[in-house]
Amino acid sequence: MRIAIVLKDRCTSKRCAQECIKFCPRVRAGDETVIMGEDGKPIIS
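The sequence shown begins at 266 in the working numbering and counts up by one.
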């Protein structure tokens, strides 16, 4: 199982391919675990 650790200050939404969403096992199973916030940075719930 892969676990995403996202540091908000290092997250660059301009060059983002949204790997934190693509490779999250919970998201791939159909849950909305990681969503993109209004500022373009991921929110992990």
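Note that CB positions come from ideal geometry on N, CA and C, so glycine has one too.
All values derive from a computational prediction rather than experimental measurement.
Look up residue i in the DSSP assignment and say whether it is helix, strand or coil.
i	result
V271	coil
Does any residue of chain D have a CB that is nearer than 8 Å to the CB of residue i?
i	result
L272	Any reference to chain D falls outside this structure, which holds one protein chain only.
Buried or exposed: where does residue i fall if 16 or more other Cβ atoms within 10 Å of its Cβ makes it buried?
i	result
R290	The sequence shown places Pro at residue 290, not Arg. P290 comes out exposed.
Just confirm the distance between the C-beta atoms of residue i and residue j, as a whole number of angstroms; I'd bet it's less than 8 Å.
i	j	result
K285	V299	The sequence shown places Cys at residue 285, rather than the Lys named in the question. That belief holds up - the Cβ atoms of C285 and V299 are roughly 6 Å apart, short of 8 Å.
G305	S278	3 Å
Enumerate in chain order the residues of its own chain whose CB-to-CB distance from residue i is below 6 Å, with the five nearest sequence positions on each side excluded.
i	result
V271	C285 and P307
Residues in its own chain within less than 8 Å of residue i by CB, not counting five upstream and five downstream?
i	result
I309	A269, V271, C285, T298 and V299
So, at 7 Å on beta carbons, what are the nonlocal neighbours of residue i in its own chain, with the 5 sequence-adjacent residues on each side left out?
i	result
K273	K306
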